[in-house]
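Chemist: After the structure tokens below, expect a handful of questions from me.
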Amino acid sequence: MGDKGNEDTSRKRLRRERGSQTDEEETSKSDRDESNSRLNMAATLAEINRKLDFALARIQEIDEIKEKQHQLEEENTDLKESLEFAHKSIKTLTDRVDVQQKELSELIKGVNGLDQAANLEKERAIRLESHSRRNNLIFFWGYTPYPQSYKRL
């Protein structure tokens, strides 16, 4: 207990020598609070600055993505128009092929009809020629109204 008594006495002396301890503590505390406040404010501003930089970087990325999206939408529109044109061209070509197939079918029927007619005419000509030859045959049995060179055939 003797040590404790000495400590109390020395504290009292320090207080008397320095003046009011409350004033010093308040001044020291306000200086520390102000210093801490400045440090906290600097840290807070640094954190805000870091977050703003991060946000600005993300905004720039968003702008780039929007620009890319716009380009892709334009390209998509162009591709749709091209596809529509291709479909129309295919439809036109398909219609032409259908018309040409019908015409070709009609031409083939016509050619087949002409072939049949030609064959009939050929057969008719052969029959006429045969008939004509039969009627024009002269049988020579010794009598020749023609010169000697045409004796019997």
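Residues 331 to 483, numbered by the working numbering, are exactly what the sequence shown covers, in order. Built from N, CA and C at the ideal position, the CB exists for glycine as well.
(1) Could I get the ranges of all uninterrupted alpha helix (DSSP H) runs contained in the stretch 388–438, with 4 residues as the minimum, in chain order?
(2) Which same chain residues, not among the five before or five after Leu-402, have their C-beta less than 8 Å away from its C-beta?
(3) Roughly how many angstroms lie between the CA atoms of Thr-424 and Glu-433, to the nearest whole one?
(4) When the Cα atoms are used, what is the spatial distance from Gln-399 to Met-371?
(5) Spatial neighbours of Leu-409 within its chain, please: CB distance less than 6 Å, with the 5 preceding and 5 following residues excluded, ordered by chain position.
Modeler: Inspection of the coordinates gives the following:
(1) none
(2) On the sequence shown, position 72 is the one that residue 402 refers to. Cβ neighbours of Leu-402 beyond the five flanking positions: none.
(3) Position 94 of the sequence shown, counted from the first residue, corresponds to residue 424. Position 103 of the sequence shown, counted from the first residue, corresponds to residue 433. Taking the straight line from one Cα to the other gives about 14 Å.
(4) As a first step, residue 399 must be located in the sequence shown, where it is residue number 69. As a first step, residue 371 must be located in the sequence shown, where it is residue number 41. Cα-Cα distance, rounded: 41 Å.
(5) Looking up residue 409 in the sequence shown gives position 79. Answer for Leu-409: no residue qualifies.
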